[in-house]
Structures are given as C-alpha cells and as structure tokens.
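Enquirer: In the working numbering, the protein residues as written are 5 to 278. The beta-carbon is built from N, C-alpha and C at its ideal position, and this holds for glycine as well. Have a look at the structure that comes next, please.
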C-alpha cells in the first residue's frame, strides 16, 4: 500500500486537523441539554444588523451567479473607510484565509515565522503547511507579547512576524509606542502582520492606529475580520491592508471567488451601517 504521508512535506506530516468549537446543536445532542451558552469560539450572540439580514436575503436571489472575484464594491467601501487605495486590500474567506495567504507567499523554503507563546492557533498551522518553521517566543507574565523575546528570534531566515492585538486568546493589548518601536526595529524584508480581529472591542486610549503606519512601514500588514463585532462569522469574510506590492503578491495565490456573494454584500452593508 502506498504511504501517502511520504509524498508530502514534513510540515504537513506533523500537522493535526484544527479542532473548532463544536456547534451548539451537536453539544445538545451529546449532553442531552436544551439550552447551552457557547463561549468557546468568541461568536457574537447578537448576530448581524437588521439591514445586513435584509441585504443577505435580497442577494440570495442571484445565487446561481458567481460572486465578484475581485470584490470591487466591498474594496471601494473599505478603501473609503480606511482612506487607502483599493489596490492595498486583499479580501479573504475570513481573516484566517488571509493569514494563510501570507504564510504561503512569504514562508516557503524553511523561512521562519515568529509569534508569541500564547497566540492564535492558526499561526503555527499556516506556517507548517506553507513549509515554514514556527518559532514561539516566551510570553510575558500576563500571557501577552514579550516583544524583546520575539525580536531575539528574528534573524536572516525570518519571513513573517505575527502579532495579534488585542491578543487571542489571552486578551492582552500592546500600546502604540512599544509596538511601533518593535515594527521599526525589524529588517525591511520581514513582513510583520498585526492581526486586529478584536480591535473593535478595545477602548484603551493607547491602542494604536496601525493603518496610519502603512505608509511608513512597507513591510506591514494589518488584518481584520467581519466575524466578531459585525456578527458575520458564518459567512466568512476578512481582509488585509498592506502596500500595493504585498497585496498583489497575496492576490496571485488567492483562490478565485474566495469570498462568496452573500458575504460580500453583508460586509459592505455592515460597513455602511456603522
């Protein structure tokens, strides 16, 4: 019998499938419970806004058509919101998809990715799948990012540094001054990804406006999602903001129609409603 494991990279051989939180319906069947409050996946219990629900229903009339593969309307709305060019935007099937694209583009040939010890589980998974080496830096005492420890792991083989701010799952936050100093200290060929999936929940005055840093740091990528605050986790839509050259590279490996038509309409409407 053929050993198919021998046909794939060592990184993929060492992976195990990601285990998401179980659906509520499955837990109800397993445990015999009528009511369950699910906290494991950080889902928005309120769901999308009424206008978004109406837009989804209206868009469902055209499900026989492929979506706009370039997401023109959503990109235009995002560009206006963030005051950047549409060419700086990469759309993804959730921000997980965008993180995976970044790994595929920048982590081949054994290049390393640096992240914190208690960071988002997708970082090492995407790194290994892309043929890269995951390097986890020891965390601070409050389970946050130790930027000094992370910087010490960066060398000539480093391709990407992943930073979730605020951090998932520990909820810690990096203030603007130390984070900007860290980004400025990195070699220009190291792509630094600031994952802001939960930025809408931050009220701290020192939380940085990283999008305003894009012009100063061509190696910076900021990722965001519509899954959390906008309540669109089931539709899977996220995006990356970067310089145009990085966006072009990401779009070269992005799958056609990676964001479905309902997600495009829902995300655009959600932005217009806020």
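Given a threshold of 16 other Cβ atoms within 10 Å of its Cβ, counted over all protein chains shown, does residue 166 qualify as buried or as exposed?
Expert: buried
Enquirer: To the nearest whole angstrom, what separates the beta carbons of residue 192 and residue 223, a pair I think is in contact under 8 Å?
Expert: 6 Å
Enquirer: Quick one: is residue 232 buried, meaning 16 or more other Cβ sit within 10 Å of its Cβ, or exposed?
Expert: buried
Enquirer: DSSP on residue 81, reduced to helix/strand/coil?
Expert: helix
Enquirer: Nearest by alpha-carbon distance to residue 216: which of 163, 92, 72 is it?
Expert: With respect to the C-alpha of residue 216, the residue from 163, 92, 72 having the closest C-alpha is 92.
Enquirer: Quick one, which of 212, 197, 187 has its alpha-carbon nearest residue 168's?
Expert: 197
Enquirer: Measuring alpha carbon to alpha carbon, tell me which of 163, 204, 83, 25 ends up nearest residue 43.
Expert: 25
Enquirer: Which residues does DSSP pair with residue 96 in a beta bridge?
Expert: Beta-bridge annotation (DSSP): residue 96 is paired with 242.
Enquirer: Looking at C-beta atoms only, is the number of pairs between the region 175-182 and the region 143-151 that lie closer than 8 Å three or more?
Expert: yes
Enquirer: In three-state terms, what does DSSP make of residue 229?
Expert: strand
Enquirer: Roughly how many angstroms separate the alpha carbons of residue 105 and residue 263, rounded to a whole number?
Expert: 14 Å
Enquirer: Report back the beta-carbon spacing between residue 135 and residue 113 to the nearest angstrom; my notes put them in contact at under 8 Å.
Expert: 7 Å
Enquirer: Just verifying my parser: in three-state terms, what is the DSSP assignment at residue 199?
Expert: In the structure shown, residue 199 falls within a strand segment according to DSSP collapsed to helix, strand and coil.
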